[in-house]
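Okay, so here's the structure we're looking at.
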Amino acid sequence: MADILQLLVAGLATGGIYALVAIGFVLLWQTSQTINFAQGEFVMVPAFFVLAAMKLGGLSFPVAMLLGFLVTVVVLGLLFKRLLVDPIIRHGVLPLVISSIALAIFLKESVKEFYAADAQPFPAAWATTNLTVGGAVVAVQNLVIIAVAVVAVAALQYFLAGTRTGRRMQATAQNPGLARILGIPVERMILYTFLINAGLVALASFLVSPIYLAKFSNGETLGLVAFIAAIIGGFNQVRGAIVGGLLLGVIDNFVAAYLSAQYRGAIPLFLLIAVILFRPQGLVGRVEERTV
Amino acid sequence: MTRARTARVIAAAVVVAAIVAPFTLKPYGIYLLSLWAVMTIAAIGLNLTLGYAGQISLAQASFVGIGAYTAAILTTQGWPLAAAFVLAMALCFAIGWLLGYPALRVQHHYLAFVTLSFATLVFLVLRNEEWLTKGVYGISGIPRPTVLGWSTQGPVDFYFFCLGVLALVSAATWWIIRSPWGRAFMALRENPIRASSLGVDTRRYTLMAFAIGSVLGGISGVLYAPLVQFIEPNAFALGLSFNLLLMVIVGGSGYFYGPFLGAVVSVLLPEWLRFSEGLYLILYAVFVMILMAYFPSGLLGLAEGLIKRAGKPAPGPALPTRDGDAS
Amino acid sequence: MNTWIKSTLAAALAIGTAGAVAQQTVNLPIVIELSGAGAVSGTNFRDGAVLAIDEINAKSGILGRKIVAPQTDTQSNPGVSRAQVQKALDGNPYAILGPIFSGSVKANMVLAQQAEVPQFTGAEAADITQAGNAYIFRTSFGQQASMPKIANYIRDGLKAKSVAVLWVNNDFGKGGRDTFVREMTARGIKVVADISTESGQVDFAADVVKLKGANANAIFAYTNEEESARFLREARKQGISTPLIGETTLLNQKVIELAGDAANGVRGHVGLSAEAPIPAVKEFRDKFVKRYNYVPDHNGIKGYTAVYAVKHATEKIGKFDRKLLAKTMHGLTITPKQEPGILMETTWDDKGDIDRISFLAEVVEGKQKIVQTLPKLGK
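In the order they appear, the protein sequences are chains A, B and C.
In terms of the numbering used here, the first sequence has 40 at position 40, counting the first letter as 1, and numbering is strictly consecutive.
Here the numbering used here = 1-based position in the second sequence + 292.
Here the numbering used here = 1-based position in the third sequence + 619.
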């Protein structure tokens, strides 16, 4: 019984990480039709901004974290939108997909080339202790991640539904043309989503890097799982990211423990295919009108 | 007709270069050329599925893998490569056809994810089913074939073998594109609903696009195995799929010669850029991003735009068109 | 900068010449993992080799000829490594150094063999020296040499009757696991858990849960650096008290750094270590740290000793003859007295396998401590 609890908790913890990464991904897609294949790398990079600030700038960890956060929001939010997405999206979805794949390669190789190829320890911003709950050992770190993910989603939901800016952003997502006619500054709304995504990935990075260790290749697995989590949960609902992420984390653990370690990676893929083919709106998503 | 004439002249020059080049190069250079030929075949397949029929597939590497493993397993057991070609083509056609079914239900990015999942699953099977594929240990000692008494063991001989297969594949693809099938594919890409209303069996052509594209991937794999003479599952993972996708897009999606050019950029360019001490991937990525921002129809689209501007006296902006579009 | 200039020059030389060996230099290309999964190992190997090359060149080279060593990156990819070895062979090399990844070596060693060029590799997979290749030479123990030593320790030192093995699912991990299981079975020790993990895996909770359930007397963990660190942390977190045993990598400085406290108490066999209690090795370590600003791992020693092995064997022959070099290497023993650069007495057998002393170590308070020195398997 303790085993099952341990697996469940560990799964939820890892799932929380997936969820955090998936949230921004879903947000970008919802509001600006941007599929960001580099989302995993976006989570990998902020940690290196912090490490670089500490190593090269000699800054203390808290200051470096703040600086890293700001740099991330500017580079992965503002610059990403202005320099990459804006020029490309007018050509269609496929060029943007290709560019984000190229961006992923660019970020990965740059970190490897200009910082380090091996894994770097990353300091944790809070206690690294463990709790024991019913025979299962849980790292406080992991509980914090789950909590942050839930709070982030709740805050986002409130922001999107409860504030004026948020509702404007939703309108932009649903029908940019109409939104423009209604006087909503569409460009600015889309910019906000990019900034929010950048903030989210920075947060995710600071939370997971102490556990994952900062390494240039972190983005690969994280990115792929984030996409799967987003789609399984429901691509058009931010809530879906949480559901998808947690579900994937738990399933992965149970499959690895009780079914097959060698094929543990296959189950999420089967789920993905099944969801896409039979329930494309995801588990908690709304049914989308299929545009002609 | 200037555009077509220019294209033909350039094509002829390239063919001549391709035949003469190996005699001026060391084994390494010949190996690179052979690799270019093999990758071009796979890219042509993907170009058919994506460029002409508009179906995005991130699974092309899996078919290269299926072809390669078929060839490796058969030839190391003493079967001739011809048998591998037949079996690989049949397998890839069948599996590619099946892969087309999801494409009937979803489009674009959803299809990308489905094919991506398929690609990862194939990789897992190749890696875990040791009894068949020798798993992570890989299959080594893959022999090069003897074609009608001509041994392709040497680098130059094998290169010409690859070049020959590439020529056959190109001719076949040219014929397909010029045929009613080709036109049906392009109708599918541009406007599936209108195509359907005009009586084009969109279901059949979607499945066909996947099947044929996959067969070409398989052929590429059957050549890849004796070229490299050692294969293992990692070579056929997502990385290769992305590489092939980039090849098609950079060369020019939907252009007949796109894959050839794309493979040059992907296989030969990293080699030229190697002197920038490992920065070549970074530069390549930047190059792709700039290309997508300003020349999304790839290098051939860019070239076409330039030629058009040179040929036409009218000062209007030249919109890049692809093969088959109304000019 | 020096290396860059040298390698550009050497590369230009290799490509430009019509195949004739330049008279004043010895061409010793390094084909190694400088990017991808093997980047850290490859960089260590390269840096060790370059250190040796510069030392030798400062003292008038090998038989009066300076060593020129163009470096190429295999990208940890067997297909690329094959192409790079082909490229190196086109330059008419005297011998080839690298790669480390077993998959890459298996892909390209046939080429070197056909060209009759000796190849000094850092790979450890058992089957590399079982393919009848007279031109392949190891620079560290193959798994078929290291696993028996661990197996003996588990049987005699720990007196274990059952063991669990956790391994990474690539050719390195699987090869190690297969050899290990064979050795365990031969000694009548039961393998009660056989857990495969992924390269790059982050979450080891499920695997540790399985290990706890297996109740083995010892746990043998054979995976790469980061995964080892993550595994150790998870094992510590879930309170595993069974002895954790490893082979070189698990007791690596990098793993200790990443795993922190969780690495303490880990024991294992270490074939090569920069922490070995041998003066020559200490001296090498200090030279390395002084030049490169980081502590070398066992791959640095592999690269360093490979170059010195080539030097010594060539001086023994008295001339540059590739075939004769290969023949001489088989059955050769080099002692530090004859050649200080070899650091420890090393013997090569007729298959290219290596025999040396090795060590049992334990991680104590964040440092790898050599606990026992094990003699060579032969004599």
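We put the CB at the ideal spot given by N, CA and C, even for glycine.
For clarity, every value in this text was computed on a predicted model and none was experimentally measured.
{"Check": "Residues bridged to Q987(C) (per DSSP)", "Outcome": "V982(C)"}
{"Check": "Start and end residues, alpha helix (DSSP H) containing I273(A)", "Outcome": "A266 to F278"}
{"Check": "Which of helix, strand or coil DSSP assigns to H888(C)", "Outcome": "strand"}
{"Check": "Proximity test, Cβ basis, 8 Å: M539(B) and chain A", "Outcome": "no"}
{"Check": "Meets three-Cβ-pair contact criterion under 8 Å: the region 825-834 of chain C and the region 720-740 of chain C", "Outcome": "no"}
{"Check": "Under 8 Å between C-beta atoms of G741(C) and I719(C)", "Outcome": "yes"}
{"Check": "Delimiting residues of the alpha helix (DSSP H) encompassing T804(C)", "Outcome": "D790 to A805"}
{"Check": "Span of the alpha helix (DSSP H), counted from its first residue to its last, around K55(A)", "Outcome": "Q39 to G57"}
{"Check": "Contacts that I814(C) makes with chain A (C-beta to C-beta distance below 8 Å)", "Outcome": "A261"}
{"Check": "Entirely enclosed beta strand (DSSP E) segments - the region 718-772 of chain C, minimum 3 residues", "Outcome": "738-740 and 755-757"}
{"Check": "Closest residue to T868(C) among L979(C), K780(C) and D974(C) (Cα-Cα distance)", "Outcome": "L979(C)"}
{"Check": "Coarse secondary structure for N218(A), derived from DSSP in three states", "Outcome": "helix"}
{"Check": "Other residues of its chain near L403(B): CB distance less than 7 Å, five sequence neighbours each side excluded", "Outcome": "Q347, I348, P394 and A395"}
{"Check": "Where F450(B) falls: helix, strand or coil (DSSP)", "Outcome": "helix"}
{"Check": "Range of the contiguous alpha helix (DSSP H) that encloses N711(C)", "Outcome": "No alpha helix (DSSP H) contains N711(C), which DSSP labels as neither H nor E."}
{"Check": "Residue of I651(C), N663(C), E652(C) and G657(C) minimising C-alpha distance to A893(C)", "Outcome": "N663(C)"}
{"Check": "Own chain, CB closer than 8 Å to R167(A), minus 5 neighbours either side, in chain order", "Outcome": "L160 and A161"}
{"Check": "Inter-stretch contact at 8 Å, needing at least 3 Cβ pairs: the region 539-557 of chain B / the region 324-332 of chain B", "Outcome": "yes"}
{"Check": "Under the three-state DSSP convention, the category A840(C) falls into", "Outcome": "strand"}
{"Check": "Proximity test, Cβ basis, 8 Å: F48(A) and chain B", "Outcome": "no"}
{"Check": "The region 249-259 of chain A / the region 143-159 of chain A touching (three or more Cβ pairs under 8 Å)", "Outcome": "no"}
{"Check": "Buried or exposed (CB count within 10 angstroms, at least 16 for buried), T129(A)", "Outcome": "exposed"}
{"Check": "Proximal chain A residues relative to N788(C), where beta-carbon distance stays under 9 Å", "Outcome": "A261 and Q262"}
{"Check": "Sequence-distant residues of its chain with Cβ nearer than 8 Å to A988(C) (five each side left out)", "Outcome": "Note on identity: in this sequence residue 988(C) is Lys, with Ala being the wrong assignment. Taken in chain order, the residues that qualify are E894, A980, E981 and V982."}
{"Check": "Residue from D797(C), K809(C), P955(C) and G680(C) with nearest C-alpha to K778(C)", "Outcome": "K809(C)"}
{"Check": "Distance, L877(C) Cα to A854(C) Cα", "Outcome": "14 Å"}
{"Check": "Spatially closest choice to L670(C) from T947(C), G919(C), A928(C) and G937(C), by CA coordinates", "Outcome": "G919(C)"}
{"Check": "Host beta strand (DSSP E) of D252(A) (start-end)", "Outcome": "Element bounds for D252(A): not the beta strand (DSSP E) but the alpha helix (DSSP H), V238 to F254."}
{"Check": "Host beta strand (DSSP E) of D692(C) (start-end)", "Outcome": "Q690 to D692"}
{"Check": "Contact under 8 Å by Cβ, T798(C) with A714(C)", "Outcome": "no"}
{"Check": "Spatial distance of G392(B) from T748(C) (CA atoms)", "Outcome": "45 Å"}
{"Check": "Proximal residues, the region 699-715 of chain C versus chain B, C-beta separation under 8 Å", "Outcome": "R701, A702, Q705, K706, L708 and D709"}
{"Check": "Proximity below 8 Å, CB of A363(B) to CB of G513(B)", "Outcome": "yes"}
{"Check": "CB contact check: E876(C) to chain E, cutoff 8 Å", "Outcome": "Absent from the structure is chain E; the protein chains it does hold are A, B and C."}
{"Check": "Test: Y344(B) CB closer than 8 Å to a CB of chain C", "Outcome": "no"}
{"Check": "Extent of the continuous alpha helix (DSSP H) to which L704(B) belongs", "Outcome": "No statement about residue 704(B) is possible, as the shown extent of chain B runs from 293 to 619 and does not include it."}
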